[in-house]
Every structure is written in C-alpha cells, then in structure tokens.
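A short write-up of the structure that comes next.
Number of protein chains: 4
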Amino acid sequence: MRKSNAKERILETASKLFHEKGYSEVGINEIIETAETAKASFYQHYPSKEALCEAWLDTVHERSENHRSDIVDSEQAPAEKIESYFRDLESFMVNSNFRGCPYSNTGAVTDGACAGIIGQIQDHKESIRQFFRSICMQQFEDAAKAECVGDHLFLLYSGSTTEAQNLKDIWPIKVAQAVAAELMKS
Amino acid sequence: MRKSNAKERILETASKLFHEKGYSEVGINEIIETAETAKASFYQHYPSKEALCEAWLDTVHERSENHRSDIVDSEQAPAEKIESYFRDLESFMVNSNFRGCPYSNTGAVTDGACAGIIGQIQDHKESIRQFFRSICMQQFEDAAKAECVGDHLFLLYSGSTTEAQNLKDIWPIKVAQAVAAELMKS
Amino acid sequence: MRKSNAKERILETASKLFHEKGYSEVGINEIIETAETAKASFYQHYPSKEALCEAWLDTVHERSENHRSDIVDSEQAPAEKIESYFRDLESFMVNSNFRGCPYSNTGAVTDGACAGIIGQIQDHKESIRQFFRSICMQQFEDAAKAECVGDHLFLLYSGSTTEAQNLKDIWPIKVAQAVAAELMKS
Amino acid sequence: MRKSNAKERILETASKLFHEKGYSEVGINEIIETAETAKASFYQHYPSKEALCEAWLDTVHERSENHRSDIVDSEQAPAEKIESYFRDLESFMVNSNFRGCPYSNTGAVTDGACAGIIGQIQDHKESIRQFFRSICMQQFEDAAKAECVGDHLFLLYSGSTTEAQNLKDIWPIKVAQAVAAELMKS
DNA sequence: CATGAATGAGACTTCATTCAT
DNA sequence: AATGAATGAAGTCTCATTCAT
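Chains as they are written, first to last, in the working numbering: chain A, 1 to 186; chain B, 1001 to 1186; chain C, 2001 to 2186; chain D, 3001 to 3186.
Given below as structure tokens:
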C-alpha cells in the first residue's frame, strides 16, 4: 500500500495534515512519522518546512486551476459555470470537514517572514478573481459591470468559505449559491 | 508608563501579538517578556495559553459588540448604518496592517481540541450575522428578504476582510462597500 | 554530592568537557546529561552554546589572571617569577592530560562567526603578553629590551604549550623552562 | 575548469575547507557540494571523513617536507635558511588569513579516538623539530647546543604561528624572525 | 566509477507548564 | 501577588554513513 517514493509520501501526508490542522500546528515529526520516512529523508527532498508548505500550496493551486479550467472550457452557460463552481465548493467544504481555504488558513499564520508563501497566496487569489471576472465577461456586455459582478462573486466565494469554516455549517455556501445565481440572471 | 496591573499588561500584550502574528506564532515567553512579567505571574492569572486566547477573543468580541451597538443605536438610516460599518472596517484593516479578523485567523489554527475557542468563534460570527439582519429588518418589509440581504452583507463583510488580508490590499473592502450600498437601495 | 545550583553544574561540566574534547566536539546533550539537568534548564541560564563557551572562557581567564597576579605580587625576583610560571604551566599540562590552552583550542574551530569568542581570545592572549613584559620591565633597564624579551617569553609559553599538546609530551615545556631561565639571566 | 578526477577534487576541496574552518566545522555535505560530486562517490574514494582528514594532512606534510628539503638543500648559510623559513612562514600566515597550522588546529578537536591523526601530528611536528636541529648542526660545533637551539627555534615557530592565528596579527611572526636571527648569530 | 535516495542518531533550540520560595 | 529556576516533550534541521541501481 505504501508508496515507494518518499518524496510523494511526504507531500501527500503534509497536504493532508496542513489542511486539516493548519501549517503551524503540524510538526516535521508528525509528518515523517505519518509518512513513514526518516527525518533526513525529508530534508533530502525539501530544504525546509516552509519549502514543503510552498510545494503543498503549489499542488493545491494546480488542482484549483485545473478545476476552474475545466469549468471555463465546458459547454455550460456562464450562469451554469458559476453554479458548478459553488456546487463544487459545497462538496469541498463537506468533504474537508469544513476546513476551508488552504491559502487563507496559511496566510493567517505566516505574516511577516515567508515572502514566498505570501506571494503564492496573492497569486492564487488573484487567479480566482480573474476566473470569476472572465466568466462574467461572457455574460455581461458591459465590461465594467462584468468586472464588478466578478469581484462580487469573488467576495461571496471567499466569505462563504471562511464562514462555513468558522461556523462549521454549510449555510454560508448555500446563501452564496443563491445570491450568485441571482447575480448571474441580471 | 508601564501599567501596574500585571494581568492587564499580559492581556494587552497578548492581544497585540496574537492579532499581529497569529495565535500559534506567539509563545508564552514572548508574551511575558514583552509584558515584563514573570512566567509564574502569568499562570497566576491565566490557567493556560488557551485561556488567555479566550480572554483576548472576549475583549475583541466586547469591543465589536459595543461598536455595533453604537451603530445600531445611532440615528442613522439603515443604509447609512451599513455604510458606517464598512467604513470602519476599512479603517480597521488599514490600521491593523491588513491582519484581518482575529476570529477567523484563530480558527485557521484551531481544531476540535479547542472546543471553547470554537464556540466563541461561532458566537461572534453569529452575532455579526444578526447585526446585519437586524439592520435589514429596519429597511425591508419582507422579513425573508431582510434575512437574505443580511446574510449577503455578512458574506461581503467576511469575504472582503479575508481577501484584503490575503492580498494586502484594500480593494476588496471598497468593492464590498459599493455592493453593500447598492443592496441597501433596493 | 550534586550541587543544587544547575547553572554552576552546567558551567563546571562544560568547562571540563570543552577543555578535554574541544568546543565543537561537545554537544549540548552530553553537557546536560553529565550535569544532570534538563535541556530547557540549560537555556534558562545560557542563551546558546556559544554563550556558554564565552562563560567558560571567562572563568579560565579569571583564574589565569588571578594566577598571574599572585605571581606578579609575590616577593620573588623576576627570574623566579618566570620560573614559577613555567613550573605551573608544566603542572597544568600534566594535570590536563596535555590538552593545552583552552583559548587556542577554541580559536581553532571558531573562525569567521563567533566575534565574541575571538575577542576574548585576543584579550586573553594580549593579557598574558603584558604579564611577561611587565616582569621583564622589573629585570631589564632597557625598556625596549624588556618588551623584546617579554614577547620572546610569550612565544615560548605558547609554543611549548601547543607542542606539548601536539606531541603529548612534556619536553617542550622543559625546553621552554630552560630557555626562559637563560633569558632572564642576561 | 573542473577537474575530471573526482578524488582529486574532493581532496582539494577538503584541504581548503578543513584549513579555513577547522576539521569539525566542515561537513561531508559541504565538501561534496563544493567539489560537485555525489555522496557515494566520496565514499568510493575515502572510507570515512577521518580518512579524508588523514589524506589531507598527508598532502600538507608532503608539501611541508618538500619545502623544508628545498631549504636544507639550498646553497644558503644556516642562518639564511632559518631566515628563509620564517619569511615563508610569514607569507603563509598572511595568505591563509591567519589560519595557522593545520596539524595544531586538527589536534585541538581530536581526542584519543583518532589514533591515526594523532600519530600524523606527532610525526609532522617531530619532523619539523628535526629540520631545525639539522640546520643548527651545520651552524654550531657543539651538538648539544645545536639541539638546544633547534628546539628553541621549534618553539618560536610554533608559538608565533599559534599566536598570529589567535591575535590575527603578524607581529608574533616578526618577533620570531628577529629572535631567530639573533639565535643563529651566536 | 558514478549516482541520488534513504537512514538512525544527534545537532541546537523552544514549547507550555509547574514548583519551591 | 510575585518570582526565577526547573522540566519533559517537542520544535526544525544536520550529521556521517549505507544501499540499490
């Protein structure tokens, strides 16, 4: 069952633990024990805990980009694309036990130092913002309005994720879904 | 200038540090050194770091409640109250160097083990939700609509705070302000 | 038998180990195990291994200064003072199993960083140089000659210590004794 | 520019690093990275770090022997030979940034466990002692005196090297030069 | 010959907490 | 109420070495 590749095992383990408990609540020891690796093996592949965090965020970003690309490239109407996105967001929250956005959670404990991580967070968030805007561009003739609705959707996505995590309840996502659907009608 | 009261000094120091760096990034040592207290004095007043965190969140909650009470009790029209709230949110973000919501930030590194903190987070957030809803009740005759707009505003508040922190930029707040103003017109 | 004071126990243990094996060959673990202390107790008293090294060198320096003061203040003739010094050096080398000068040994592995330690080494050595010079001042009318013989004795002290350590043999000290005696006659 | 021979590259790199920072301050990783070799390639050529150290000391010894042979075999008078030696010592100290004798520096962090290295140190030092004695044999008819002056020069060489390293200053070498010149006159 | 992954042991340091005074 | 010393556990990271390819 155990993968032969230690680097992958470490990354997968860390992904799970970082997401579940938060970056600063997970120690190297816990990671290597769960991944069944030696400590030095870890540092063979990742120069530091922070570097592992960056690698993890990279994979999250890539999956996120792929997911959004799939939606963008799909044959759905713009409103349906937004609907899909929020439906998937709901599944994500439920499946991850309401642990919310890995980027926001990591940003909560990496201010100051960690310039690399902060950059990743900004890039990721900006990329999601553009996702919403680009879909709105398809829906609304007025570019200014498209941008405005896009940013609005972005805030709904973020707020509903944050509060579903805080409240351990799915209702914020449901509200966001309803509001988003309404927005795309106009 | 140093306050004579050790308990207060500890709480104020912790408030500053927890907010600036995140709960898990601040150690007891840093707190007592900054507060110029002995270690055992700390445990005289607070049984644990977690208890101090709860005390901190309590003060944040109290200030927040007072702030919102002031708005609610003010003579402004509902739309103006919302406007006030988001204007103050903007100041808060700028003044706190874009460190965002103490509750969300703490929730990002708190798992099931900290039942007390999680409860506080939920109470605080629910209280803000009700704040928005109650103002909307004044604005909209339809109670269902009021609730809906209230929750919508809640998500805008949360999303704009989260993303202003992530992006280290005030634009999400600005967007939320504009959207909120629009919402209160209908 | 065990001293109640952990700080002293740590310093004494480290003094022994650093001298016997060399600064870089002794780990914190070995120190605290030998001193029967917890690791955190160590860091309560010394902020770092390097700081402990400095504290150790301080005690060596102080003992050395006292020793040399005793000689200087004694009623012996200058030549006898020098004789005393080299006789004590012989005892020191034998008693310390030919481990030589703690300062030179530490300097061998602390180049680059460790500015504090390097400063201590220089101060210590300069202080010994002045010790020789001051005694020579009592013996020789010509100040220039006194300085010259003083420095000469300084090199004999250093060379004999170094080579007794390298060769694990006392003959270099014996040679230095003879030469020094000769020098003080002229 | 990179040598094709890995073994040589490793030895040269280690020579540089061991001398500059001290044996115990240089890790295998730093060596192989600087030498651009794989870790296992290192152990193909050298069974251990200690063995590499011995190989390094061997090259130092060989260069030293050649240097001294050149002086011994030269057409200079004995006093000039001594003068040459100390002049070269001055250059060596300046060029090596006052890092002093590789043997003494290694001995400072090597205990009984490294019998091989200790033997090398003793052989090297004894060989230098004999170098001084043999030149003195040419100068002085009295064999006993020759031995005595030879050992004296040996201590001057060692002490001046040690203290130039400690003090990061060339004056000890200068003093040794002057004293040595004087000694060779008598 | 050369290689990169893997390792157990240990490096130095800090954690939140308790105890004796 | 206040203090500084003491602690076990855990933190991140590096050591010299070996192994399979």
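For glycine and all other residues, C-beta sits at the position ideal for the given N, C-alpha and C.
What is the DSSP secondary structure of Asn2029(C), counted as helix, strand or coil?
-> The residue labelled residue 2029(C) in the question sits at position 29 within the third sequence. Helix, per DSSP.
Is there at least one Cβ from chain A nearer than 9 angstroms to Gln1044(B)'s Cβ?
-> Within the second sequence, residue 1044(B) is the residue found at index 44, counting from 1. The C-beta of Gln1044(B) comes no closer than 9 angstroms to any C-beta of chain A.
Would a check of beta-carbon distances place Gln2122(C) closer than 9 angstroms to chain D?
-> Locating residue 2122(C) in the third sequence gives position 122, counting from the first residue. Answer yes: the Cβ-Cβ gap between Gln2122(C) and chain D drops below 9 angstroms somewhere.
Could you check how far apart the C-beta atoms of His2045(C) and Ala2014(C) are, in whole angstroms? I think they sit under 8 angstroms.
-> Position 45 of the third sequence, counted from the first residue, corresponds to residue 2045(C). Position 14 of the third sequence, counted from the first residue, corresponds to residue 2014(C). In this structure His2045(C) does not touch Ala2014(C) by the C-beta definition: roughly 11 angstroms separates them, more than the 8 angstroms allowed.
Kindly indicate which residue of Lys1016(B), Glu1020(B), Glu1012(B) and Pro1047(B) has the alpha-carbon position closest to the one of Ala113(A).
-> As a working mapping, residue 113(A) is identified with position 113 in the first sequence. Of the candidates Lys1016(B), Glu1020(B), Glu1012(B) and Pro1047(B), the one whose C-alpha sits nearest the C-alpha of Ala113(A) is Glu1020(B).
Could you tell me whether the Cβ of Cys3148(D) comes closer than 9 angstroms to any Cβ of chain C?
-> Looking up residue 3148(D) in the fourth sequence gives position 148. It does: the Cβ of Cys3148(D) has a partner Cβ on chain C nearer than 9 angstroms.
List, in order along the chain, the chain C residues whose C-beta lies closer than 7 angstroms to that of Gln3165(D)?
-> As a working mapping, residue 3165(D) is identified with position 165 in the fourth sequence. Correct list: Gly2107.
7 angstroms Cβ cut-off: residues of chain D touching Leu2156(C) | Numbered from 1 along the third sequence, position 156 holds the residue referred to as residue 2156(C). The contacting residues are Leu3155 and Gly3159.
Start-to-end residues for the alpha helix (DSSP H) that takes in Pro2102(C) = The residue labelled residue 2102(C) in the question sits at position 102 within the third sequence. From DSSP, the alpha helix (DSSP H) with Pro2102(C) extends over Pro2102 to Gly2107.
Under 9 angstroms between C-beta atoms, does Ser3024(D) make it to chain C?
-> Taking the first residue of the fourth sequence as position 1, residue 3024(D) is located at position 24. For Ser3024(D), the answer is yes, since a Cβ of chain C falls inside 9 angstroms of its Cβ.
From what residue to what residue does the alpha helix (DSSP H) around Pro47(A) run?
-> Here residue 47(A) is taken as the residue at index 47 of the first sequence, counted from 1. Note, Pro47(A): premise wrong, no alpha helix (DSSP H); not H, not E.
Cβ of Arg3099(D) within 9 angstroms of any chain C Cβ = For the purposes of this step, residue 3099(D) is taken as the residue at position 99 of the fourth sequence. Yes, Arg3099(D) lies at the interface with chain C (some Cβ there is under 9 angstroms from its Cβ).
Leaving out five residues before and five after Ile3170(D) in sequence, what residues of the same chain have Cβ atoms less than 7 angstroms from its Cβ?
-> By 1-based counting over the fourth sequence, the position of residue 3170(D) is 170. Counting only Cβ-Cβ distances below 7 angstroms, and skipping sequence neighbours, we find Glu3090, Met3093, Val3094 and Ala3164.
Using a C-beta to C-beta distance shorter than 7 angstroms, which residues of chain B count as neighbours of Tyr85(A)?
-> Position 85 of the first sequence holds residue 85(A). In chain order: nothing, as chain B lies at least about 15 angstroms away.
Closer than 9 angstroms at the beta carbon, the chain B residues around Val175(A) = What you label residue 175(A) is simply residue 175 of the first sequence in a count that begins at 1. Within 9 angstroms Cβ-Cβ: Cys1148, Asp1151, His1152, Phe1154 and Leu1155.
Chain-ordered chain A contacts of Asp1111(B) [CB-CB under 8 angstroms] | Reading the second sequence from its first residue, position 111 is the one you call residue 1111(B). Those are Glu20, Lys21, Gly22 and Glu25, listed as they occur along chain A.
Please compile the residues from chain A whose C-beta is within a distance smaller than 7 angstroms of the C-beta of Lys1125(B).
-> Working through the second sequence from its first residue, we reach residue 1125(B) at position 125. Under the 7 angstroms cutoff, chain A gives Glu163, Asn166 and Leu167.
Proximity below 9 angstroms, CB of Ala3176(D) to CB of Leu3156(D) = In the fourth sequence, counting from the first residue as 1, residue 3176(D) sits at position 176. In the fourth sequence, counting from the first residue as 1, residue 3156(D) sits at position 156. Yes; because the gap between Cβ atoms is below 9 angstroms, this pair is in contact.
Cβ of Asp1123(B) within 9 angstroms of Cβ of His1061(B)?
-> Counted from its first residue, the second sequence places residue 1123(B) at position 123. Counted from its first residue, the second sequence places residue 1061(B) at position 61. Less than 9 angstroms separates the beta-carbon of Asp1123(B) from that of His1061(B).
Measuring alpha carbon to alpha carbon, tell me which of Pro172(A), Gln138(A), Thr106(A) and Pro102(A) ends up nearest Ser64(A).
-> Taking the first sequence and counting its residues from 1, one reaches residue 64(A) at position 64. Answer by Cα proximity: Pro102(A).
Beta-carbon of Trp2171(C) versus every beta-carbon of chain D: anything under 9 angstroms?
-> For the purposes of this step, residue 2171(C) is taken as the residue at position 171 of the third sequence. For Trp2171(C), the answer is yes, since a Cβ of chain D falls inside 9 angstroms of its Cβ.
Going straight from the alpha carbon of Met1(A) to that of Asp1111(B), what length do you get?
-> Here residue 1(A) refers to the residue found at position 1 of the first sequence. Here residue 1111(B) refers to the residue found at position 111 of the second sequence. Confidence in Met1(A) is poor, its pLDDT being 44 and thus under 50, which makes the residue's placement unreliable; the coordinate value appears in the next sentence. Approximately 29 angstroms between the Cα atoms of the pair.
When you compare each of Glu3141(D), Ala3181(D), Val3109(D) and Ile3135(D) to Glu2025(C) by their alpha carbons, which one comes out closest?
-> For the purposes of this step, residue 2025(C) is identified with residue 25 of the third sequence, where counting begins at 1. Put simply, of Glu3141(D), Ala3181(D), Val3109(D) and Ile3135(D) the residue whose alpha carbon is nearest the alpha carbon of Glu2025(C) is Val3109(D).
Amino acids of chain A, ordered along the chain, whose beta-carbon sits closer than 9 angstroms to that of Val1179(B) | As a working mapping, residue 1179(B) is identified with position 179 in the second sequence. Chain A residues near Val1179(B): Cys148, Asp151, His152 and Leu155.
Cα-Cα separation, Leu153(A) to Ile117(A) | The residue you call residue 153(A) lines up with position 153 of the first sequence. The residue you call residue 117(A) lines up with position 117 of the first sequence. Roughly 25 angstroms between the two C-alpha positions.
For Asp1070(B), which option in Glu1054(B), Trp1056(B), Leu1057(B) and Asp1088(B) has the closest C-alpha, if you only look at C-alpha atoms?
-> To locate residue 1070(B), count along the second sequence from 1; it is residue 70. Looking at the Cα atoms, Asp1088(B) is the closest of the given residues.
Neighbouring residues, chain B, relative to Ser15(A) (Cβ below 8 angstroms) = Your numbering for residue 15(A) matches position 15 in the first sequence. Within chain B, no residue comes near Ser15(A); the closest Cβ sits about 16 angstroms away, beyond 8 angstroms.
Measuring CB to CB, does Gly2100(C) end up less than 9 angstroms from Thr2161(C)?
-> Counting from one through the third sequence, the residue named residue 2100(C) turns up at place 100. Counting from one through the third sequence, the residue named residue 2161(C) turns up at place 161. Cβ atoms of Gly2100(C) and Thr2161(C): closer than 9 angstroms.
Can you round the beta-carbon distance between Ala2055(C) and Leu2011(C) to whole angstroms, since I take them to be within the 8 angstroms contact cut?
-> Residue mapping note: residue 2055(C) aligns to position 55 of the third sequence, counting from 1. Residue mapping note: residue 2011(C) aligns to position 11 of the third sequence, counting from 1. Confirmed, Cβ separation roughly 6 angstroms.
Terminal residues of the continuous alpha helix (DSSP H) containing Thr37(A)?
-> In the first sequence, residue 37(A) corresponds to position 37, counting from 1. First-last for Thr37(A): undefined, no H or E at that position.
Proximal chain D residues relative to Ser2096(C), where beta-carbon distance stays under 9 angstroms = One-based indexing of the third sequence puts residue 2096(C) at position 96. Per Cβ cutoff of 9 angstroms: no residues; Ser2096(C) is ~13 angstroms from chain D at best.
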